[in-house]
Amino acid sequence: MNVLSKLLDKAASERLIGYHPKCKNVSLTHLCFADDIMVFSDGKKRSVEGILQVFEEFAKISGLKISLEKSTLYMAGITQENQRAILMNFPFAAGQLPVRYLGLPLLTRKMTVADYTPLMEKVRTRMCNWNGRFLSYAGRLQLIQSVIMSLTNFWLTAFRMPKKCLGEMEKMCAAFLWSGPEMNTKKSKISWVEVCKKKTEGGLWVRPLTEVNDVACLKLVWRILSGTSSLWVKWIQIYLIRKGSFWAVRESTTIGSWMWRKILKERAVARDFHRMEVKNGEAL
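What follows is the structure, encoded as structure tokens:
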């Protein structure tokens, strides 16, 4: 995939592919994970042709041919006439936004019940699959701490999850802990809040999902303030913060997604932990 990445970047620098309007200043042509790739362009016909040329060149070099029939084209900000022309000339299926990518919904609006229902069903299914296994309380606790938490971590680190969703998942965890796959919510011995306390305080030290989500959101703030070299931070600084300061951006801004506004709300908490240290001035 590294070869394909370089070919796409080279094509963009040679103007065979036009940059997406929100990608030009960071020279972003694509994102890839394992054998999955998402390519961005300005939506013009010549850019699509340029992308196909890159795919053909990559196939000649590596012997790996990208299946265009299994690829999907997502278009926005393009007239219906141009969309039809592109779909008629190229072997892509038309996709509808929003879309799920790597298991997560790519949303510009606030998350709804329908968006996080797949996660809740996945957790519920995993618990029910342990039906018929004679698990002790300790065994069920271990499964909650390892398997169930690993299912939710990806979502918790990417989104500010609705409290209703987190509450429902914690109810499922509590029901599974006390009654197993039967999932009887009336068999709880003590409240979930007590279960989540440290062992020195009489609890079982299960991390509350709300706390995990809070920490994950604060970590995003830390990444922005620490000036890390990640592509995400660079994009945030150029397109959302621009020439101003992270602390000066208004929470009511219409620029950016709903998640960006959620991150801005975390500043009230982050400010208490924020410190500036003056050194020799060689780096900011």
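In full-length UniProt numbering, the protein residues as written are 1 to 284.
We put the CB at the ideal spot given by N, CA and C, even for glycine.
Looking at Arg207, Met88, Leu4, the one whose alpha-carbon comes closest to that of serine 150 is Arg207. In the structure shown, the three-state DSSP call for phenylalanine 33 is strand. Excluding sequence positions up to five before and after cysteine 128, its CB lies within less than 7 Å of the CB of Pro181, all in the same chain and listed in chain order. Beta bridge pairing from DSSP links valine 26 with no other residue.
If you draw a 10 Å sphere on the C-beta of arginine 160, you find 16 or more other C-beta atoms in it, and that means buried. Ranking Lys24, Ser226, Lys262 by CA distance to the CA of threonine 157 puts Lys262 first.
Here the stretch 168-177 lies against the stretch 194-210, with 3 or more beta-carbon pairs under 8 Å apart. If you check the CB distance, leucine 97 and alanine 76 come in under 8 Å.
Per DSSP, the beta bridge partners of methionine 38 are Leu31. Under the 10 Å beta carbon count, tryptophan 232 is surrounded by fewer than 16 other beta carbons and is classified as exposed. Under the criterion of beta carbons closer than 8 Å, isoleucine 86 and lysine 45 qualify as touching, at roughly 6 Å.
For alanine 11, the enclosing alpha helix (DSSP H) starts and ends at 2-13.
With a 10 Å radius around the Cβ and a threshold of 16 neighbouring Cβ atoms, tryptophan 192 comes out buried.
In this structure, tryptophan 258 places its C-beta atom within 8 Å of the C-beta atom of lysine 110. Cα atoms of asparagine 153 and asparagine 2: separation of roughly 28 Å, rounded to the nearest angstrom. Linking lysine 65 to glutamate 201 through their CA atoms gives a straight-line distance of about 58 Å. Sequence-distant Cβ neighbours of leucine 119 in its own chain, meaning closer than 6 Å and more than five residues away, are Trp155. Contact between valine 195 and leucine 204 holds: CB atoms are separated by about 5 Å, below the 8 Å threshold. Between leucine 225 and phenylalanine 246, the CB-CB gap stays under 8 Å. Our two residues, phenylalanine 58 and leucine 4, have alpha carbons roughly 6 Å apart in a direct line. Every alpha helix (DSSP H) stretch that sits fully inside the stretch 39-66 and reaches 4 residues is listed by chain position as 45-62.
Judged by DSSP in its simplified three-state form, tyrosine 239 adopts helix. The beta carbon of isoleucine 255 lies closer than 7 Å to those of Leu240 in the same chain, with the five residues before and after it left out. If you check the CB distance, leucine 73 and glycine 95 come in under 8 Å. Secondary structure of threonine 117 (DSSP, three-state): helix. Residue pairing for arginine 100: DSSP places it in a beta bridge opposite Pro105. It is roughly 15 Å from the alpha-carbon of isoleucine 17 to the alpha-carbon of valine 26. One Cα belongs to isoleucine 238, the other to aspartate 35, and the distance between them is close to 29 Å.
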